[in-house]
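Position in the sequence shown (first residue = 1) + 115 = our numbering.
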Amino acid sequence: MAGGNGSRPGVSAELTIRRYISVLSGNYGIIYIKSVVLVVVLFHFFRAELYVYGGIICGL
């Protein structure tokens, strides 16, 4: 492989994507997806509450 480091920057990204795919296709994939979805949903709910509380505090 000529060129040394940095000759193909897409390789590391491809390896990362393959690693995520292998993790998601494994036993922990379902738990991982559920935890990510849960975090995203909770973040949206808490972000809405932060907007409401922030509006109330700023209104006071």
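All C-beta atoms, glycine included, are put in the ideal place defined by N, C-alpha and C.
My assumption, with CB atoms under 8 angstroms, is that GLY144 sits in contact with VAL138. Please give the rounded CB distance. Taking the sequence shown and counting its residues from 1, the one referred to as residue 144 is at position 29. Taking the sequence shown and counting its residues from 1, the one referred to as residue 138 is at position 23. For GLY144 against VAL138, the beta-carbon gap comes to about 6 angstroms, under 8 angstroms, which counts as contact.
So with Cβ pairs under 9 angstroms, would you call VAL126 a contact of chain B? The structure shown contains no chain B, having only a single protein chain.
Just the C-alpha distance for GLY174 and VAL167, rounded to the nearest angstrom, thanks. Numbered from 1 along the sequence shown, position 59 holds the residue referred to as residue 174. Numbered from 1 along the sequence shown, position 52 holds the residue referred to as residue 167. Rounded to whole angstroms, the gap between the alpha carbons of GLY174 and VAL167 is 10 angstroms.
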